[in-house]
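Residue 368 in the working numbering sits at position 241 of the sequence shown, with consecutive numbering throughout.
Glycine residues also receive a C-beta, built at the ideal position from the N, C-alpha and C atoms.
Read the structure below first, then the notes.
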Amino acid sequence: MQASAIEDLRSSARGDVVTPEDPGYDEARRVHNWMIDRRPAVIVRCADTTDVMATVRCARDNDMLLSVRGGGHSVPGFGTNDGGVVADLSPMRGVRVDPVTRMARAQGGCTWGDMNHATYGFGLAVTGGIISTTGIAGLTLGGGIGYLARGHGLSLDNLISVDVVTAEGDFIVANEAEHADLFWALRGGGGNFGVVTSFEYRLTACKDIFAGAFFYPLERAGDVLDFYRGFIRTAPEDLGLFAGFHLVPPLPFVPEEYHGDPAVVMVACWNGPMEQGERVLAPIRDSAPRLGEMMEPMPYPVLNSAFDELVGPGLQHYWKTAFATELTDGAIEAHLEYAQRVPTVNTAVHLYSINGACHRIAPQATAFANRDATFATVIGGMWPDPADNERNIAWVKDYYAALAPHSSAAAYVNFMSADDGARLPESYGDNYGRLQEVKRLYDPDNFFRMNQNIQPAPTAAATG
Ligand SMILES: Cc1cc2nc3c(=O)[nH]c(=O)nc-3n(C[C@H](O)[C@H](O)[C@H](O)COP(=O)(O)OP(=O)(O)OC[C@H]3O[C@@H](n4cnc5c(N)ncnc54)[C@H](O)[C@@H]3O)c2cc1C
128 MQASAIEDLR
138 SSARGDVVTP
148 EDPGYDEARR
158 VHNWMIDRRP
168 AVIVRCADTT
178 DVMATVRCAR
188 DNDMLLSVRG
198 GGHSVPGFGT
208 NDGGVVADLS
218 PMRGVRVDPV
228 TRMARAQGGC
238 TWGDMNHATY
248 GFGLAVTGGI
258 ISTTGIAGLT
268 LGGGIGYLAR
278 GHGLSLDNLI
288 SVDVVTAEGD
298 FIVANEAEHA
308 DLFWALRGGG
318 GNFGVVTSFE
328 YRLTACKDIF
338 AGAFFYPLER
348 AGDVLDFYRG
358 FIRTAPEDLG
368 LFAGFHLVPP
378 LPFVPEEYHG
388 DPAVVMVACW
398 NGPMEQGERV
408 LAPIRDSAPR
418 LGEMMEPMPY
428 PVLNSAFDEL
438 VGPGLQHYWK
448 TAFATELTDG
458 AIEAHLEYAQ
468 RVPTVNTAVH
478 LYSINGACHR
488 IAPQATAFAN
498 RDATFATVIG
508 GMWPDPADNE
518 RNIAWVKDYY
528 AALAPHSSAA
538 AYVNFMSADD
548 GARLPESYGD
558 NYGRLQEVKR
568 LYDPDNFFRM
578 NQNIQPAPTA
588 AATG
């Protein structure tokens, strides 16, 4: 890259322009997964949409790879690269809530913590992730699974409009009326089509919720999962619920003697009438004898940040994932075998339920095709010591290999690792061809390729 191009960026950008010579470089190049150790040529901490347009044009004019970073949580580390340009939107964190229309407009660098804090004051929220530090951008563009999904759909189902910087560095608006093809593709197609500088969401009533976290001994995992698969089919939709496997963290509501033991957990979020909370959660609590439990009313942002520390920055990440319409006996057996060897307290195996409102959207209505999936399973390997990488990656891969015959071939793009790209056609199903067409229209050169990449459909000239 020409030194003059960096100087031009420095003089025009409102945000910081960070290069390897700058003192903040090592901090600026980091992403959430510390297994990723890359050295971009320049990182632009974009202050506004004009900075984003300038960064895109600079990368394009200099024929350089561009990474776009929102919350930086991509497990494959798509928010950084070696030798290229990073458009880091993390300084762009404004949220405007309109309580009358029940809509919010949030800038592309917001985290779910920013979003939930801003909307909570109005007694409103939108489906977001279960951790507060994940970016709204990557999470929404790939899907958006969280506590409110059964009641109100995925994050992307609540999008009204987005502001986009294109591969040419131009600004456009995409919604049902303008660039509707792009709006369709952005709802599930991830970062393939442009840089979203702001998201407009439809909000739902949500302030204080009734939450529960239940820890059961691993020997009762069969009972708990058997309960879960039946209960979730007809459970009220204002209930968000997932089952999972963890080593018991040092939580005050679980006796110390169990800390560090493998356990099966259920985490519940009831967003219905508060007085019904205990009654709705009681069957979950009673599905098996418990090691410990917490069940109480709390502000929604408190639940959203309750597990942040377990998966804070500094960990190595390797994840695998699959959807399932049914939680079969075979799947439960695979879980029972591998959950005995959950390697660290940070590791999370979660089976999120995504039925209810998520199922009422047609598979072709947005790019997210998997509207018959009841469970999105993630085997989220996370550990602090790089010396354990080989062993822990092998555990994740073996676990997934055992689960795969009992799962759908499709998987959630946001939970995939870097080596899962070949799973995209199956994961998008009948929507894949249309995504390739939209990619050809908006990014024929595949300029946006630091993502779970969708190749542009060949042009008419190329196909002869
Ligand atoms: C600890 C942890 C918890 C998680 N919990 C959940 C969860 O509860 N539910 C869930 O659904 N997912 C969850 N995820 C997965 C998460 O959805 C993905 O990792 C997602 O890609 C993160 O988005 P980000 O903006 O933080 O990441 P980034 O690394 O910044 O970006 C991810 C992808 O999105 C693209 N992108 C980022 N910003 C923009 C933008 N403004 N415009 C266009 N493209 C952009 C990037 O180029 C990249 O390809 C979790 C991940 C982690 C690590």
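Annotated three-state conformation of Phe502 is strand, per DSSP. With a cutoff of 6 Å, Ser201 counts as near ligand 1, since its C-beta is closer than that to a heavy atom of the ligand. Cys396 is bridged by DSSP to Ala338 and Gly367. Pro416 sits in coil when the DSSP states are folded into three classes, being neither helix nor strand.
Excluding the 5 residues flanking it on each side, Pro226 has same chain C-beta neighbours closer than 6 Å at Phe249, in chain order. Separation of Glu402 and Ser201 (C-alpha to C-alpha, rounded to the nearest whole angstrom) is 38 Å. Straight through space, the alpha carbons of Gly339 and Leu418 are spaced by roughly 14 Å.
The beta-carbon separation of Ser194 and Ile359, rounded to 37 Å, does not stay under the 8 Å limit for a contact. With fewer than 16 other beta carbons inside 10 angstroms of its own, Thr586 counts as exposed. By the CB criterion at 7 Å, Ala496 and Tyr555 fall inside the cutoff.
Secondary-structure assignment with DSSP links Gly262 through a beta bridge to Thr238.
Counting along the chain, Asp435 sits inside no alpha helix (DSSP H), nor does DSSP assign it H or E at all.
With a threshold of 6 Å, the Cβ atom of Leu286 does not count as near ligand 1, since no heavy atom of the ligand is closer than that. Under the DSSP assignment, Leu568 falls in the alpha helix (DSSP H) whose first and last residues are Tyr559 to Tyr569.
DSSP places Ile520 inside the alpha helix (DSSP H), whose first and last residues are Asn516 to Leu530.
Residue pairing by DSSP places Tyr328 opposite Ala231 and Leu286 in a beta bridge. Non-local beta-carbon contacts of Asn519 in its own chain, meaning distances under 6 Å to residues more than five positions away in sequence, involve Pro470, Gly508 and Trp510 in chain order.
Where Tyr465 is concerned, the enclosing alpha helix (DSSP H) starts and stops at Asp456 to Ala466.
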